[in-house]
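Engineer:
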Amino acid sequence: MDSATSSYREKVTPSLSYTVGVDKILAEGKSDFQDILLIQSKCFGRTLVLDNQVQSCETDEACYHETLVHPAMLAHPNPKRVYIGGGGEGATAREILKHKSVETCVMVDLDKKVVDFCREHMTQWNKGVFEDPRFSCYYEDAYQWLVENVKTDADKFDVIVMDICDPPRRWSGLEALHCRVLQGGVAEVPEQGRHSGYSEYWRGSFLSGQSRGHGSLSYDPQHVQGCLRRG
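Residues in the sequence shown are numbered from 1215 upward in steps of one, following my numbering.
(1) Can you check the stretch 1255-1327 for any alpha helix (DSSP H) of at least 4 residues that lies completely inside it and give the ranges in chain order?
(2) Can Gln1254 and Asp1237 be called in contact, C-beta distance under 8 Å?
(3) What span of residues does the alpha helix (DSSP H) with Thr1337 cover, start to end?
(4) Since Asp1377 sits in a beta bridge, which residues does DSSP pair it with?
(5) Which term fits Val1226, buried or exposed, when burial requires 16 or more other beta carbons within 10 angstroms of its beta carbon?
(6) Are the stretch 1305-1314 and the stretch 1280-1296 in contact at 8 Å, needing three or more beta carbon pairs?
(7) Counting Cβ pairs, one atom from each stretch, are 3 or more of them under 8 Å apart for the stretch 1327-1337 and the stretch 1357-1368?
(8) What span of residues does the beta strand (DSSP E) with Gln1248 cover, start to end?
(9) On a CA-only basis, which of Arg1394, Phe1371, Ser1220 and Leu1391 is nearest Val1296? Give me that one, please.
(10) Taking the continuous beta strand (DSSP E) assigned at Tyr1357, which residues delimit it?
(11) Relative to the alpha-carbon of Val1343, which residue among Lys1365, Cys1319 and Leu1391 has its alpha-carbon at the smallest distance?
(12) May I ask you to report which of helix, strand or coil DSSP gives Cys1351?
(13) From Ala1241 to Asn1340, what distance separates their C-alpha atoms?
(14) Would DSSP call Arg1394 helix, strand or coil?
(15) Once you ignore the five residues that flank Ile1378 on each side, which residues in its own chain have a CB closer than 7 Å to its CB?
(16) Tell me the rounded alpha-carbon separation between Glu1303 and Arg1333.
(17) If you reduce the DSSP assignment to three classes, tell me which class Asp1346 lands in.
(18) His1313 and Val1400 - do their beta-carbons sit closer together than 8 Å?
(19) Compare the Cα-Cα distances from Glu1317 to each of Pro1347, Thr1261, Leu1262 and Ser1221 and report the closest residue.
(20) Leaving out five residues on either side along the sequence, give the residues of the same chain with a beta carbon under 8 Å from the beta carbon of Val1395.
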C-alpha cells in the first residue's frame, strides 16, 4: 500500500504488476499466518487483501463463488453433506447453503483471525451463514482435517469444494479428497493461473483411478478452471 499516492500495487508475476487506486483502508488485522487488509478500491469496491495479494473483490466475488460452487453442486443429484476447504470470507458457504438439499456444511480454514475478520467486516460476502444451523467451522489445515476426521463412509461428503489460493505442497492433499468423497460425489478444485500443473495432475493421476476401482472420473474446465471428480 502506497499511502502517499493512495494506491495499491500487487505483483502478479516477476515481470508483471498492477496498481489499483484506493479510497481508504477500511480495516486492518494480523494473524500468525498473514497480514489482513480490507480496502475501499476505486475500481473494485471493498477488497480483501492478504499478505499483499488480493483475495476477493466486491465487484466480482459473486462471479467467482457462483462458478466455483454451483457446477459441483448441480453435478450431484442430492447433495446433503458438503465440505469447504478454506473459504474464510463465508461466500462459498453462502452459495452452497442456497441449495435446499444441504443438511450439513463443514468449512475448515487454517486462519481463525481471517474468518473472524471477514465475519465482522465483510457481512455482504457471508450474509449470515455463520449463524445457519447447518453450518460449522473448524480452524485447521483443510487437507489434514479430512485425513484425521473422515474415516468411514458415514463421515464422507457428497461434495467437496476447495476454496484455497494455492495447491497443496504435496499431491497427497489431492489424494485426501479422492478418498473422502462418497461414491457418486463431486470434488471441486479451482486452478489458479500461476499453478498450471495443478489440474494436469488431477486429470492425469486421478483419471487413472478408474483402473484402481475408484469409479468414474471427469474433468470440467469451467470458469475458474475447476476440476470435477465424480466418484
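Quick reminder that beta carbons are idealized off the backbone N, C-alpha and C, glycines included.
Structural biologist: Checking against the coordinates, here is how it stands:
(1) 1275-1289 and 1305-1310
(2) yes
(3) Thr1337 to Asn1340
(4) Gly1300
(5) exposed
(6) yes
(7) no
(8) Gln1248 -> no beta strand (DSSP E), and no H or E assigned at all.
(9) Phe1371
(10) No beta strand (DSSP E) holds Tyr1357; the alpha helix (DSSP H) holding it covers Ala1356 to Asn1363.
(11) Cys1319
(12) strand
(13) 17 Å
(14) coil
(15) Gly1299, Gly1300 and Ala1356
(16) 7 Å
(17) coil
(18) no
(19) Pro1347
(20) Lys1370, Phe1371, Asp1372, Val1373, Ile1374, Ala1401, Arg1443 and Gly1445
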